[in-house]
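Under UniProt numbering, think of the first position of the sequence shown as 1, with each following residue one higher. A virtual CB, placed ideally from N, CA and C, is assigned to each residue, including glycine. A short worksheet on the structure shown next.
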Amino acid sequence: MAAERSTADILDAAVHVREAARSATRGAAGVDAVLTALSEVVEYDHASLARWDPLRRRHTTLAGSYPDDATEYIETRLHHDPVFPVLRTPAGGGLWLRDVPRPLLAASPGFREVLSPLGIEDGVAQCLFAADGRYVGMLNVSTRRPRRTPDPARAVVTLLTDALAAAVDPRTAPADAEPVRARPAAGPAPARPAAARREPDGPRPGGLSPRELQVLAELTTGRTNREIAARLYIAPRTVGTHIEHILAKLDLPNRAAAAARAAAWGIAPRD
Numbered sequence: 001m002a003a004e005r006s007t008a009d010i011l012d013a014a015v016h017v018r019e020a021a022r023s024a025t026r027g028a029a030g031v032d033a034v035l036t037a038l039s040e041v042v043e044y045d046h047a048s049l050a051r052w053d054p055l056r057r058r059h060t061t062l063a064g065s066y067p068d069d070a071t072e073y074i075e076t077r078l079h080h081d082p083v084f085p086v087l088r089t090p091a092g093g094g095l096w097l098r099d100v101p102r103p104l105l106a107a108s109p110g111f112r113e114v115l116s117p118l119g120i121e122d123g124v125a126q127c128l129f130a131a132d133g134r135y136v137g138m139l140n141v142s143t144r145r146p147r148r149t150p151d152p153a154r155a156v157v158t159l160l161t162d163a164l165a166a167a168v169d170p171r172t173a174p175a176d177a178e179p180v181r182a183r184p185a186a187g188p189a190p191a192r193p194a195a196a197r198r199e200p201d202g203p204r205p206g207g208l209s210p211r212e213l214q215v216l217a218e219l220t221t222g223r224t225n226r227e228i229a230a231r232l233y234i235a236p237r238t239v240g241t242h243i244e245h246i247l248a249k250l251d252l253p254n255r256a257a258a259a260a261r262a263a264a265w266g267i268a269p270r271d
């Protein structure tokens, strides 16, 4: 069985999220790089960062990997969902799916029509507020696998909300910033350059997370864990943990077999 990430790994990953958020606010990287970094804190199947437009009264997705119908719901209907007033409470700290009262879930079109058909079992919806109290957007993270308890990632996501809010706040965004519909595993911005060239159509193969796909792509080059870590801005021990997860999920004996599988799928790192 693959080893769980330690609290130290998660905290180390949180630093990278903050670095990516700062780069996004400076225009040195896109918001998609923030989601890619966030996959090191909490592994997910789908995620998005959306900005709230107070004039149009809707969200705009800046980066995300949800299917189109789910993205449309987040942008145009989520703020009418019965769950949203609970999320919008500034002191609420984010709402994890397993903590939502069953009656509220039953009343939520977002759960019935969007999350449930995707097989989502866990995740968090976190409203984001600027330092002056303005509501600026939200983070949505969804996974098909229940998370362990206790889970340090839950607290870390809450601690990252100020950085995430700055990344989506139009008052701190570069003037030429453009929203993108990015699949985080398909290629981070230049500040975090190494990512898979493409993903096979449909769901991510083998249930791999975005970061696991990036590591899998790097294995095709024969690089060492330390070299992969330098390219992905993570710790070498984190690379080792991801390789363990990859081998377990794909039922492969070693990294050479994983590299062969990646080549068969047409996955390779960006230069």
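Within the same chain, and ignoring the five residues on either side of ARG51 in sequence, the residues whose Cβ sits closer than 7 Å to its Cβ are HIS59, THR60, LEU62, VAL136, GLY137, VAL168, PRO170. If you draw a straight line from the Cα of LEU78 to the Cα of SER65, it is about 17 Å long.
ILE267 is positioned such that its CB atom lies no closer than 8 Å to that of LEU232.
Residue pairing by DSSP places TYR135 opposite PHE129 in a beta bridge. With the rule of 3 Cβ pairs closer than 8 Å, the stretch 8–23 counts as touching the stretch 36–44. Inclusion of LEU250 and VAL17 in the CB contact set at 8 Å is not warranted, their separation being larger than that value.
For a cut-off of 8 Å, the C-beta gap from LEU95 to ALA125 is around 5 Å, short enough to register as a contact. Taken atom to atom, the span from the alpha-carbon of LEU252 to that of ALA258 is near 6 Å. With contacts defined by Cβ atoms closer than 8 Å, ARG145 and GLU121 form a contacting pair. Counting only runs that start and end inside the stretch 5–39, the alpha helix (DSSP H) elements of at least 4 residues fall at 7–26. Here ASN225 is buried, its C-beta having at least 16 other C-beta atoms within 10 Å. Buried is the label assigned to SER142, since at least 16 other Cβ atoms lie within 10 Å of its Cβ. With a threshold of 16 other beta carbon atoms within 10 Å, ASN140 meets it and is buried.
In summary, HIS46 is buried, with 16 or more beta-carbon neighbours lying within 10 Å of its beta-carbon over all protein chains present. In the three-state reduction of the DSSP assignment, LEU160 falls in the coil class, being assigned neither a helical nor a strand state. Cβ neighbours of GLY110 within its own chain (closer than 7 Å, five residues either side excluded): TYR73, LEU78, ASP81, VAL83. Assignment of ARG226 by DSSP, reduced to helix, strand and coil, places it in the helix class.
Taking all protein chains shown into account, THR76 has fewer than 16 neighbouring C-beta atoms within 10 Å of its C-beta and is therefore exposed. Across the structure, ALA166 and ARG26 are spaced so that their CA atoms are roughly 10 Å apart. Of the residues ALA130, ARG211, GLY222, the one whose Cα lies closest to the Cα of ALA235 is ARG211.
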